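Numbering (this note's numbering), first residue to last: 11 to 133.
Beta carbons are placed, not taken as given, at the ideal position from N, Cα and C, and that holds for glycine.
For clarity, every value in this text was computed on a predicted model and none was experimentally measured.
This report refers to the structure that appears directly beneath it.
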């Protein structure tokens with residue numbers, strides 16, 4: 011009986027090419043996943059920094075001190091940021107009495123915050 015050589019039964023060497031194409035497609039998918047995870051992490055970091063800034067601005071606003079005419083500072087991400095205070099006068103009438111109060115709006119702007127963060131009711 012004659013031995014059969016299994017190396018020449020319709021194979022033309024395309025297995026290596028198929029493996030390389032599969033590897034290329036897998037690499038593209040993995041790179042896309044890594045890029046999207048990177049963007050998600052950047053957005054999450056910026057959101058956390060914004061929340062720290064909002065918390066500190068709220069503490070300033072709730073402190074009861076007269077903020078109008080001052081330039082307080084907050085510390086966000088080991089960086090001191092100047093707070094812009096905008097005050098408006100509003101008249102409030104209760105019964106027969108009318109008083110005028112100041113409504114402060116606190117804002118801070120920085121690139122790490124993604125722009126401007128405001129606390130307080132702006133009219």
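Collapsed DSSP secondary structure at residue i in the structure displayed
| i | result |
| --- | --- |
| residue 131 | coil |
| residue 99 | strand |
| residue 108 | strand |
| residue 25 | helix |
| residue 117 | strand |
Sub-7 Å separation of residue i and residue j beta-carbons
| i | j | result |
| --- | --- | --- |
| residue 83 | residue 97 | no |
| residue 129 | residue 71 | yes |
| residue 124 | residue 61 | no |
| residue 87 | residue 50 | no |
Residue i versus the options, residue with shortest Cα-Cα distance
| i | options | result |
| --- | --- | --- |
| residue 92 | 99, 33, 63, 30 | 63 |
| residue 108 | 99, 115, 114 | 99 |
| residue 66 | 101, 46, 90, 38 | 90 |
Review point. Just checking, does the region 74-84 make contact with the region 119-126 on the three C-beta pairs under 8 Å criterion?
Key: no
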